[in-house]
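*Asks:* Supplied in structure tokens, the structure appears directly below.
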Amino acid sequence: MIRKPIILSALPALAACASSVAVNTPALPTAAASPLNNVQGLELVMGKTASQLKRLFGNPQADVAEPPARKLQFSSGACVLDAYLYPRQGGGEGRVTHIDTRRSDGAEVDRVSCVNALRVR
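Residue numbering for the sequence shown follows the working numbering, starting at -4 and increasing by one per position.
Written as structure tokens, this is what we have:
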């Protein structure tokens, strides 16, 4: 039982030894920095807000908060599209910075083809 008070009394001294190293937080991805912005056909989704995606594809099947990001998932019989939205540096509404596409069985599918298939439905 004597050990507990000794350990507790040593905590402030140990805390003083802790380093004060600055933690670098990674920069949030921006739509302008995405290599997908240069793909013809993806300008329909890249850099768009959630409300713009909903107008284009309808209501998402999933809307998941993954701080600081938000993932909207849209699907049809042809494919599944996951759109990842991040807020801009100064804040504000999130915008699409990355998308993933796949068939319902998980196989790869062309991103542009998936975007076009979802628009048609």
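Just so you know, even glycine gets a beta-carbon here, dropped at the ideal spot from N, CA and C.
Closer than 7 Å by C-beta to ALA26: which residues in its own chain qualify, once you throw out the five before and the five after it? Chain order, please.
*Replies:* Start at 1 with the first residue of the sequence shown, and residue 26 comes out as number 31. Note that ALA26 scores a pLDDT of 48, beneath 50, so its modelled location is shaky; the value from the coordinates is reported in the next line. Hits under 7 Å: ASN32, MET41, GLY42, ARG90, VAL91 and THR92.
*Asks:* Return no unless some Cβ of chain C is closer than 8 Å to the Cβ of ARG98.
*Replies:* Any reference to chain C falls outside this structure, which holds one protein chain only.
*Asks:* Using DSSP with H/G/I as helix, E/B as strand and the rest coil, what is LYS66?
*Replies:* Looking up residue 66 in the sequence shown gives position 71. Strand at LYS66.
*Asks:* Please state if the CB of PRO63 and the CB of TYR81 are separated by a distance shorter than 8 Å.
*Replies:* Position 86 of the sequence shown, counted from the first residue, corresponds to residue 81. Position 68 of the sequence shown, counted from the first residue, corresponds to residue 63. A contact, by the Cβ cut-off of 8 Å.
*Asks:* Provide the residue(s) that pair with ARG83 in DSSP beta bridges, ordered along the chain.
*Replies:* Position 88 of the sequence shown, counted from the first residue, corresponds to residue 83. Partner(s): GLY86.
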